[in-house]
Amino acid sequence: MQALSPLADKLKEHHTRLVFIGSSTVDQMEEFMRSPTVLMSGELYSDPTTSLYKSFHMKRGRFRSLVMPIWNSVSRYGWSGAVEGVKLGLETSHLAGDSWIQGGTILLDQDGTILYQHQEEHPADWPDMTEVLRMVGFTEVPVDYDRAVSEWMHARQNAQK
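Our numbering puts the first residue of the sequence shown at 1060, with every later residue one more than the last.
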């Protein structure tokens, strides 16, 4: 979510809606959004029955949710990134809805035809958003996941002080 926030105004200019769907209840989502480290732009919808996840055949599993994120966080962000990810998981586990289901990125046209779909193998298995954004008319719009993660970790450290 944080990596796409700087693009919110440009998305509106291109008549493109940024929609996030979670498996949590509305109350759980509202509590999560009150976190000082969550930067949200776009629309947020609740799907506690996971019907949309099932419709798009999203992946699910404990190994994907527990082991793979730690392994990938250490290799990409070092131990401090992995530790912050584990802390966040523990702090927000009561807000997770179905915590074993993986997310994804889906681009639909106005008729609901799937133009692009990326199913996450694990949390933080993000697609190349530059490629996705090109499909809606953007050129040379960088999406910097590393910067977003760095800003998120910095915000978490400041919130803990």
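Positions of the beta carbon are idealized from the N, C-alpha and C atoms, including for glycine. As the structure is a computational prediction, the values presented were derived from the model and not from experiment.
* Can you give me the start and stop residues for the alpha helix (DSSP H) that Leu-1192 sits inside? => Per DSSP, Leu-1192 belongs to the alpha helix (DSSP H) from 1188-1193.
* Asked: Mind checking Tyr-1112: buried by the 16 CB within 10 Å criterion, or exposed?
  -> Tyr-1112 comes out buried.
* When you compare only the Cα positions, how much space is there between Glu-1143 and Thr-1075? -> Cα atoms of Glu-1143 and Thr-1075: separation of roughly 32 Å, rounded to the nearest angstrom.
* Please report how far the alpha carbon of Gly-1156 lies from the alpha carbon of Phe-1197, in whole angstroms. => Rounded to whole angstroms, the separation of the alpha carbons of Phe-1197 and Gly-1156 is 33 Å.
* Asked: By Cβ distance below 8 Å, which residues in the same chain neighbour Leu-1166 in space, the five residues on each side in sequence not counted?
  -> Excluding the 5 residues flanking it on each side, Leu-1166 has same chain C-beta neighbours closer than 8 Å at Ile-1173, Leu-1174, Tyr-1175, Gln-1176, Val-1191, Met-1194 and Val-1195, in chain order.
* Span of the alpha helix (DSSP H), counted from its first residue to its last, around Phe-1091 -> 1085-1092 is the span of the alpha helix (DSSP H), which, as asked, contains Phe-1091.
* Identify which residue in Gln-1169, Glu-1199, Asp-1086 and Pro-1107 has its Cα closest to the Cα of Trp-1159. => Per the Cα distances, Pro-1107.
* **Glu-1072 - DSSP class collapsed to helix/strand/coil** => Helix at Glu-1072.
* Use the C-beta contact count for Ser-1114: other C-beta atoms within 10 angstroms, 16 or more gives buried, fewer gives exposed. => Looking at its Cβ environment, which holds fewer than 16 other Cβ atoms inside 10 Å, Ser-1114 is exposed.
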